[in-house]
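Going by the numbering used here, the sequence shown opens with residue 138, and the numbers climb by one from there.
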Amino acid sequence: MRLSARRAPGLHPGSAPRATTLFSALWGRGVSERYDVVVVGGGVAGLFAAHLVSKAGFSVALVEVKAEEDVGEKVCGDAIGEHHFKEVGLEPPRTGVDATGIIDGVRVFSPSKKHYVTAWGKGYALDRKAFGRRLLKMALDSGATLFARHAALKPVVEG
138 MRLSARRAPG
148 LHPGSAPRAT
158 TLFSALWGRG
168 VSERYDVVVV
178 GGGVAGLFAA
188 HLVSKAGFSV
198 ALVEVKAEED
208 VGEKVCGDAI
218 GEHHFKEVGL
228 EPPRTGVDAT
238 GIIDGVRVFS
248 PSKKHYVTAW
258 GKGYALDRKA
268 FGRRLLKMAL
278 DSGATLFARH
288 AALKPVVEG
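So this is what it looks like as structure tokens:
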């Protein structure tokens with residue numbers, strides 16, 4: 138997968154064909170602001186998307202149900218292949234910073250745990266919270282606005 142910096146024809150920051158209005162107040166204060174893009178969810182994909190889109194010049198609202206200090210906490214598989222970082226142009230994690238170690242493969246077990254498949258290749262055992270914090274910092278440094286402790290209830294599209 139390659140990421141392109143090109144924008145869709147006729148689409149440029151500040152003048153999306155349909156302005157998106159964010160109304161969010163499940164937790165915290167009520168918000169009524171205009172953004173070019175609303176990213177819902179501060180997981181790995183949402184944080185990286187918010188970073189890329191705001192870096193391209195669009196105004197981005199990042200809506201996350203967790204508190205800001207809890208962004209990045211997630212219980213799931215923490216191993217990821219090195220090739221994924223190369224494919225999206227993201228600096229790989231560093232051991233002791235946002236990775237707990239380097240791996241040379243993983244075993245994926247069946248539900249019965251009697252059978253498994255081995256996938257070989259260099260990768261990283263992530264410190265999920267530290268990795269999420271790095272992606273959040275990238276998104277915020279690129280200009281995204283975080284609405285922590287908020288939930289998107291429904292899309293509101295005007296125009």
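Beta carbons are placed, not taken as given, at the ideal position from N, Cα and C, and that holds for glycine.
1. Could you check the C-alpha separation between residue 208 and residue 271 for me, to the nearest Å?
2. Sort out for me which residues DSSP pairs residue 199 with in a bridge.
3. From the DSSP output, which residues share a beta bridge with residue 232?
4. May I ask which residues mark the beginning and end of the beta strand (DSSP E) holding residue 263?
5. Could you pull out every residue in the same chain whose Cβ sits closer than 6 angstroms to the Cβ of residue 190, ignoring the five residues on either side in sequence?
6. Spatial neighbours of residue 177 within its chain, please: CB distance less than 6 angstroms, with the 5 preceding and 5 following residues excluded, ordered by chain position.
7. Using only the alpha-carbon positions, how far apart do residue 256 and residue 245 sit?
8. Cβ of residue 187 within 8 angstroms of Cβ of residue 267?
9. Could you check whether residue 210 and residue 283 sit closer than 8 angstroms to each other, using their CB atoms as the reference points?
10. Between which residues of its own chain and residue 203 is the CB-CB distance below 6 angstroms, once the five residues before and five after are set aside?
11. Could you pull out every residue in the same chain whose Cβ sits closer than 8 angstroms to the Cβ of residue 164, ignoring the five residues on either side in sequence?
12. Which two residues bound the contiguous alpha helix (DSSP H) that contains residue 193?
13. Quick one: measure Cβ to Cβ for residue 277 and residue 235, integer angstroms, because I've assumed they're closer than 8 angstroms.
14. Could you give the DSSP three-state label for residue 278: helix, strand or coil?
15. Sort out for me which residues DSSP pairs residue 246 with in a bridge.
16. What's the call for residue 183, buried or exposed, on a 16-neighbour Cβ count within 10 Å?
With the given structure in hand:
1. The residue given as residue 208 occupies position 71 in the sequence shown. The residue given as residue 271 occupies position 134 in the sequence shown. Straight-line Cα distance between these residues: approximately 10 angstroms.
2. Within the sequence shown, the letter at position 62 stands for residue 199. According to DSSP, residue 199 shares a beta bridge with 176 and 283.
3. By 1-based counting over the sequence shown, the position of residue 232 is 95. Per the DSSP secondary-structure output, residue 232 pairs in a beta bridge with 236.
4. The count along the sequence shown starts at 1 and reaches residue 263 at position 126. Segment 253-263, the beta strand (DSSP E) holding residue 263.
5. Position 53 of the sequence shown, counted from the start, is the residue given in the question as residue 190. The answer, listed in chain order, is 174 and 197.
6. Within the sequence shown, residue 177 is the residue found at index 40, counting from 1. These residues qualify, in order along the chain: 200 and 289.
7. As a position in the sequence shown, residue 256 is number 119, starting the count at 1. As a position in the sequence shown, residue 245 is number 108, starting the count at 1. Taken atom to atom, the span from the alpha-carbon of residue 256 to that of residue 245 is near 8 angstroms.
8. As a first step, residue 187 is located in the sequence shown; it is residue number 50 there, counting from the start. As a first step, residue 267 is located in the sequence shown; it is residue number 130 there, counting from the start. No, the pair does not count as a contact, with Cβ atoms beyond the cut-off.
9. Taking the sequence shown and counting its residues from 1, one reaches residue 283 at position 146. Taking the sequence shown and counting its residues from 1, one reaches residue 210 at position 73. No, the Cβ-Cβ distance between residue 283 and residue 210 is not below 8 angstroms.
10. In the sequence shown, the residue the question calls residue 203 occupies position 66. Setting aside the 5 residues that flank it on each side, residue 203 has no residue in the same chain whose C-beta is closer than 6 angstroms to its C-beta.
11. Here residue 164 refers to the residue found at position 27 of the sequence shown. Low per-residue confidence applies at residue 164: pLDDT is 37, beneath 50, and the placement is therefore not dependable, though the value from the model is reported in the following sentence. In the same chain as residue 164, and ignoring 5 residues on each side of it, the C-beta atoms closer than 8 angstroms to its own belong to 202, 286, 287 and 288, in chain order.
12. Within the sequence shown, numbered from 1, the residue matching residue 193 stands at position 56. Residue 193 -> no alpha helix (DSSP H), and no H or E assigned at all.
13. If you number the sequence shown from 1, residue 277 lands on position 140. If you number the sequence shown from 1, residue 235 lands on position 98. At roughly 16 angstroms, the Cβ-Cβ gap does not stay under 8 angstroms, so residue 277 and residue 235 are not in contact.
14. Position 141 of the sequence shown, counting from 1, holds the residue named residue 278. Annotated three-state conformation of residue 278 is helix, per DSSP.
15. Indexing the sequence shown from 1 puts residue 246 at position 109. DSSP, once it has assigned bridges, lists 253 as partnering residue 246.
16. The count along the sequence shown starts at 1 and reaches residue 183 at position 46. By the neighbour-count definition (other C-beta atoms within 10 Å, threshold 16), residue 183 is a buried residue.
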